[in-house]
Amino acid sequence: MSLILSFLGFLITFLVIYFSSKIEDEVEALVTRLLAVVIFFLSLLFSSLLIKLTMLGIFLVICPFIGDRLSVYFHHQIKK
């Protein structure tokens, strides 16, 4: 059961991050991505150590994408 919950949380996180890239409003997209990160870490509460390490490794691949979007957002805010 914990395996299903943890992978479901990861799948939801991945889908939310993917579809939030299609949102035009940058603030709304940023909030959506942060919500996805919260869901991801909540799903880690229900998983075993091996699943946690695997999912954290995959999450580290996604983090640069989120960080890049954050830096673009804050760069535009500073220019305004």
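In UniProt numbering, the protein residues as written are 1 to 80. Glycine is no exception: its CB is placed at the ideal position from the N, C-alpha and C atoms.
By the Cβ-count criterion, G9 is buried, with 16 or more other Cβ atoms from all chains shown falling within 10 Å of its own Cβ. One thing to note: V16 has its Cβ within 8 Å of the Cβ of L35. In this structure, DSSP gives E24 a state outside helix and strand, which the three-state scheme calls coil.
Apart from sequence neighbours up to five positions away, the residues of its chain that approach S20 with a beta-carbon distance below 6 Å are A29, T32 and R33, ordered along the chain. Residue state for L45 is assigned as coil, using DSSP reduced to three classes.
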